[in-house]
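Visitor: The structure under discussion is supplied below as structure tokens; questions concerning it will follow.
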Amino acid sequence: MSLNGKYLNYLRRAHTIIGLFAVFFFFIATYFGTITIFAPYINSWQNPSRHFSKIEDKELNLDAAIYKALEKLGNPNDHIEIVLPSFRDKALSVSQKSVKKVYINPYTNEILNTKNETHLITHFFNEIHEGENIAIIGRLLMGIASVCIIFLTISGFYLWLTKKKSKNQKFWFKWHKNLSLVLFPYIFAFSLTGSFMGFMLNISSPFAYIQTDGNELNMKKLVGPIIFPKHKNMKKTEQTFDMLEYSKLLTKAKKIYPNLEIKKIMLYHWFEKNAQIVFLGYLADNRILTGNINRMKLTLSGLDGNIIEKQELSQAHIVNKFLSAFYILHFLPDEGLVVRLIYLVLGVIFAFSLAFGFLIWVDKKTLKHKNEKNHYNIISKLGIVTMIGIIPTSSFFICLYWLLPFEIYERDNLLIGSFYFFWAFTLYYSIYRKNTLAVINLFMILNFVFLVLAVLLHGFKTEFFIWDSFAQNINDVFWVDFSFLIFGVFSLIFALKTS
Amino acid sequence: MLEKLKSYFYEPKSKIGWVHGSLSCIGALLLAFLTTMLVSKLIVGDYAIKIVPSMIFTPILISFYGIWILFSRNLMKSLLKILLSAFVLIFLLRVF
Numbered sequence: 001m002s003l004n005g006k007y008l009n010y011l012r013r014a015h016t017i018i019g020l021f022a023v024f025f026f027f028i029a030t031y032f033g034t035i036t037i038f039a040p041y042i043n044s045w046q047n048p049s050r051h052f053s054k055i056e057d058k059e060l061n062l063d064a065a066i067y068k069a070l071e072k073l074g075n076p077n078d079h080i081e082i083v084l085p086s087f088r089d090k091a092l093s094v095s096q097k098s099v100k101k102v103y104i105n106p107y108t109n110e111i112l113n114t115k116n117e118t119h120l121i122t123h124f125f126n127e128i129h130e131g132e133n134i135a136i137i138g139r140l141l142m143g144i145a146s147v148c149i150i151f152l153t154i155s156g157f158y159l160w161l162t163k164k165k166s167k168n169q170k171f172w173f174k175w176h177k178n179l180s181l182v183l184f185p186y187i188f189a190f191s192l193t194g195s196f197m198g199f200m201l202n203i204s205s206p207f208a209y210i211q212t213d214g215n216e217l218n219m220k221k222l223v224g225p226i227i228f229p230k231h232k233n234m235k236k237t238e239q240t241f242d243m244l245e246y247s248k249l250l251t252k253a254k255k256i257y258p259n260l261e262i263k264k265i266m267l268y269h270w271f272e273k274n275a276q277i278v279f280l281g282y283l284a285d286n287r288i289l290t291g292n293i294n295r296m297k298l299t300l301s302g303l304d305g306n307i308i309e310k311q312e313l314s315q316a317h318i319v320n321k322f323l324s325a326f327y328i329l330h331f332l333p334d335e336g337l338v339v340r341l342i343y344l345v346l347g348v349i350f351a352f353s354l355a356f357g358f359l360i361w362v363d364k365k366t367l368k369h370k371n372e373k374n375h376y377n378i379i380s381k382l383g384i385v386t387m388i389g390i391i392p393t394s395s396f397f398i399c400l401y402w403l404l405p406f407e408i409y410e411r412d413n414l415l416i417g418s419f420y421f422f423w424a425f426t427l428y429y430s431i432y433r434k435n436t437l438a439v440i441n442l443f444m445i446l447n448f449v450f451l452v453l454a455v456l457l458h459g460f461k462t463e464f465f466i467w468d469s470f471a472q473n474i475n476d477v478f479w480v481d482f483s484f485l486i487f488g489v490f491s492l493i494f495a496l497k498t499s
Numbered sequence: 001m002l003e004k005l006k007s008y009f010y011e012p013k014s015k016i017g018w019v020h021g022s023l024s025c026i027g028a029l030l031l032a033f034l035t036t037m038l039v040s041k042l043i044v045g046d047y048a049i050k051i052v053p054s055m056i057f058t059p060i061l062i063s064f065y066g067i068w069i070l071f072s073r074n075l076m077k078s079l080l081k082i083l084l085s086a087f088v089l090i091f092l093l094r095v096f
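Pasting the structure below:
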């Protein structure tokens, strides 16, 4: 064998071994990441306080809403955060230093009852996506898996370039290769951002060490103040002054900075002489460079509305702009439903690509032992549980979210424990039952049952069945119900066709 | 014993084993970190400009170094690649 042929063999084997390690973690990250793309809509669905629709001819009365919220919070006057209603959250939220939040219905100015509402479904699924559910090492493991995916992407591309084209390619190999090639930019973008957040941010000490000649090991202490500068604290004054109305200040801000899409308002030293109102948002003509990491801001005096500071894009730190563009592919901070649906399609295709890659290995192993009657492969069982078993497990969790009373003690821990218990059951069943197709069929039927139950239980608990949310134009709630039902029906059709 | 050790390190293998693979992983990690630490030292600017781009490119560099170390005829060549490159990078880090 030539040297080149030997090296390609090495690379192929490395691609296989590293792929086997990374596929389990990255499939989970892809599956739950694809679900959490729709977090804003799922949050509206899981929180009954958000089950309200737009009222025609009724606009947000900012002054009354903020006044009511501040009164509920005990009338604080510094570091007040006001998040305006958006597709992310239909309610207006007011909080002080993110400690306690008050939510207001923007059409009726009523304070929303958010007792027992914890965004559990999206928070938990996002935790699994990031690896935070595994204590201490979880995030790092996900980061390592992301680094492995970068290697797999580069090595896979190199292997494709150097491989002799053959017509008789096996199904799994052909489609693993084709789908991965088509999704190359998507895979690379997600694995690079994932590796930065999961791996590099956890192992950044060497960079801090080398920059400070060993005096500092915490990179965030060096970089944090530059990327996230704190608001300059002004001197407190005892006298109180009348402030301009919030609505007038907002109107003035929109006039001064017309292409700033305001998402958040901060109040500092309110009712004092140094009162400041800061409007933060992204630029409508440059979303990429003004994402979450690089919000543009306009600071006005609360007293008379005079401009204190107007931050233009050219004044932003270059690293903030770079990170904004870097993160925007991963987080979609300001993108609406259409882009998220595209990401759903890409996520599903990528999940299939990962599964096909795994099946290449399973196929080879099965062929090797085809004469052994009782051949058993635990890794292929783990693959079934990770890639198929996770589907009814997550729908079981969503169903249980509505089944369990909201008032029970340690509800969140019970739900999370039940999730892992059911996932363990799928492992048990896939080992117990030798017939893989029968296992997959049962999982798909269970998925259908749980999703239909979830939609019905949601209706019983919130008194908003799917037909009610349709009739009252509560679109986000309706479409989440509808999507669950459609996905459930697809699972059932798949189970019936393959039984 | 010495002969056995010599043949283990110098004999080309038909497929990579765990030692060769682990060596590639560890060596790639080490060399990528050393390279980007050196780059961050050479970049002119504040801490954010020096550190963040280097951190972003480290995972990509890990893959390229991994492939480079993997493409070694025998274990000794892999070891030499890692040790010599690390030596040069550490020397440059000390100089700058």
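Protein chains in written order, with the numbering used here: chain D, 1 to 499; chain E, 1 to 96.
Where a beta carbon is used, it is the ideal one built from N, C-alpha and C, also for glycine.
These numbers come from a predicted model, not from an experiment.
1. Do you know how far the Cα of residue 74(E) is from the Cα of residue 3(E)?
2. At 7 Å on the CB atoms, spell out the chain E contacts of residue 206(D), in chain order.
3. For residue 286(D), which three-state DSSP category applies?
4. If you drop the 5 nearest sequence neighbours on each side, which residues of the same chain put their C-beta closer than 6 Å to that of residue 479(D)?
5. Kindly indicate which three-state DSSP category residue 296(D) falls into: helix, strand or coil?
6. Got a sec: which bits of the segment 184-213 of chain D sit with their beta carbon under 7 Å from any beta carbon on chain E, in order along the chain?
7. Please report the residue range of the alpha helix (DSSP H) in which residue 1(E) lies.
8. In whole angstroms, give me the CA-to-CA distance for residue 311(D) and residue 118(D).
9. In angstroms, rounded to a whole number, what distance separates the CA positions of residue 54(D) and residue 473(D)?
10. Taking a cut of 8 Å between CB atoms, which residues from the segment 3-20 of chain D lie near chain E?
11. Is it buried or exposed, residue 165(D), if we count other Cβ atoms within 10 angstroms and call 16 or more buried?
12. In its own chain, which residues sit with a C-beta less than 6 Å from the C-beta of residue 97(D), not counting the 5 before and 5 after it?
13. Any beta-carbon of chain D closer than 8 Å to the one on residue 8(E)?
14. Skipping 5 residues on each side, what residues in its chain have a beta carbon closer than 7 Å to that of residue 109(D)?
15. May I ask you to list, following chain order, the residues of the segment 310-326 of chain D that have a beta carbon less than 9 Å from some beta carbon of chain E?
16. Within 10 angstroms of the Cβ of residue 447(D), are there 16 or more other Cβ atoms? Answer buried if so, exposed if not.
17. Please classify residue 276(D) as buried or exposed, where buried requires at least 16 other C-beta atoms within 10 Å of its C-beta.
18. Please confirm if the segment 302-317 of chain D is in contact with the segment 332-341 of chain D, defined as three or more CB-CB distances below 8 Å between the two stretches.
19. Can you pull the chain E neighbours of residue 219(D), defined as C-beta to C-beta under 7 Å?
20. Exposed or buried, residue 408(D), counting other C-beta atoms within 10 Å across all chains shown (16 or more means buried)?
21. Run through DSSP, which three-state label would residue 127(D) get?
22. Assess contact between the segment 258-268 of chain D and the segment 75-93 of chain D, defined as three or more Cβ pairs (one per stretch) separated by less than 8 Å. Is contact present?
23. Name the residue from 475(D), 489(D), 363(D) and 238(D) whose alpha carbon lies nearest to the alpha carbon of residue 41(D).
24. I'd like the span of the alpha helix (DSSP H) that includes residue 492(D), first residue to last.
25. With DSSP run on the structure shown, which of helix, strand or coil describes residue 70(D)?
26. Using a Cβ-Cβ cut-off of less than 8 Å, list which residues of the segment 59-71 of chain E approach chain D; keep chain order.
27. To the nearest angstrom, report how far apart residue 64(E) and residue 211(D) are at their CA atoms.
28. Measuring CB to CB, does residue 69(E) end up less than 8 Å from residue 28(E)?
29. Considering just the uninterrupted stretch of the alpha helix (DSSP H) at residue 266(D), what are its terminal residues?
30. Hey, how far is the Cα of residue 23(E) from the Cα of residue 159(D)?
31. Would you say residue 226(D) faces chain E, with C-beta separation under 8 Å as the test?
Guide: Inspection of the coordinates gives the following:
1. For the purposes of this step, residue 3(E) is identified with residue 3 of the second sequence, where counting begins at 1. For the purposes of this step, residue 74(E) is identified with residue 74 of the second sequence, where counting begins at 1. Each residue's Cα considered, the two are about 15 Å apart.
2. Locating residue 206(D) in the first sequence gives position 206, where the first residue counts as 1. Chain E residues near residue 206(D): 33 and 37.
3. Taking the first sequence and counting its residues from 1, the one referred to as residue 286(D) is at position 286. Strand.
4. Numbered from its first residue, the first sequence carries residue 479(D) at position 479. Once the five neighbours on either side are set aside, residue 479(D) has no close Cβ partner at all.
5. Against the first sequence, residue 296(D) aligns to sequence position 296. Correct three-state label for residue 296(D): strand.
6. 192, 195, 196, 199, 200, 204, 206, 207, 210 and 211
7. On the second sequence, position 1 is the one that residue 1(E) refers to. No alpha helix (DSSP H) contains residue 1(E), which DSSP labels as neither H nor E.
8. If you number the first sequence from 1, residue 311(D) lands on position 311. If you number the first sequence from 1, residue 118(D) lands on position 118. Straight-line Cα distance between these residues: approximately 35 Å.
9. Taking the first residue of the first sequence as 1, we reach residue 54(D) at position 54. Taking the first residue of the first sequence as 1, we reach residue 473(D) at position 473. If I take the Cα positions, the gap works out to 8 Å.
10. 3, 6, 7, 9, 10, 11, 13, 14 and 17
11. One-based indexing of the first sequence puts residue 165(D) at position 165. Classification for residue 165(D): exposed.
12. Working through the first sequence from its first residue, we reach residue 97(D) at position 97. If we look at residue 97(D) and ignore the five residues flanking it on each side, its Cβ neighbours are 79.
13. Position 8 of the second sequence, counted from the start, is the residue given in the question as residue 8(E). Output row for residue 8(E): interface = no.
14. In the first sequence, residue 109(D) corresponds to position 109, counting from 1. Closer than 7 Å at Cβ, skipping near neighbours: 61, 64, 65 and 68.
15. 317, 318, 319, 320, 322, 323 and 326
16. Here residue 447(D) refers to the residue found at position 447 of the first sequence. Label assigned to residue 447(D): buried.
17. By 1-based counting over the first sequence, the position of residue 276(D) is 276. Flag for residue 276(D) reads buried.
18. no
19. Numbered from its first residue, the first sequence carries residue 219(D) at position 219. Going along chain E in sequence order, the residues near residue 219(D) (Cβ under 7 Å) are 51.
20. Locating residue 408(D) in the first sequence gives position 408, counting from the first residue. Burial call: exposed.
21. Position 127 of the first sequence, counting from 1, holds the residue named residue 127(D). In the structure shown, residue 127(D) sits in a helix (DSSP, three-state: H, G or I).
22. yes
23. Here residue 41(D) refers to the residue found at position 41 of the first sequence. Nearest option by C-alpha distance: 475(D).
24. For the purposes of this step, residue 492(D) is taken as the residue at position 492 of the first sequence. Taken as a continuous stretch (DSSP letters only), the alpha helix (DSSP H) holding residue 492(D) covers 475-498.
25. Residue 70(D) sits at position 70 when you count from the first residue of the first sequence. In this structure, residue 70(D) counts as helix in the three-state DSSP scheme.
26. 59, 60, 62, 63, 64, 66, 67, 70 and 71
27. Your numbering for residue 64(E) matches position 64 in the second sequence. Your numbering for residue 211(D) matches position 211 in the first sequence. Their Cα atoms are separated by approximately 25 Å.
28. Locating residue 69(E) in the second sequence gives position 69, counting from the first residue. Locating residue 28(E) in the second sequence gives position 28, counting from the first residue. Their beta carbons are under 8 Å apart, which means residue 69(E) touches residue 28(E) by this criterion.
29. The sequence position of residue 266(D) within the first sequence is 266, counting from 1. Where residue 266(D) is concerned, there is no enclosing alpha helix (DSSP H), although the beta strand (DSSP E) it sits in stretches over 260-268.
30. Taking the second sequence and counting its residues from 1, one reaches residue 23(E) at position 23. Taking the first sequence and counting its residues from 1, one reaches residue 159(D) at position 159. The straight-line gap from Cα to Cα measures roughly 21 Å.
31. Your numbering for residue 226(D) matches position 226 in the first sequence. With 8 Å as the cut-off, residue 226(D) counts as an interface residue toward chain E.
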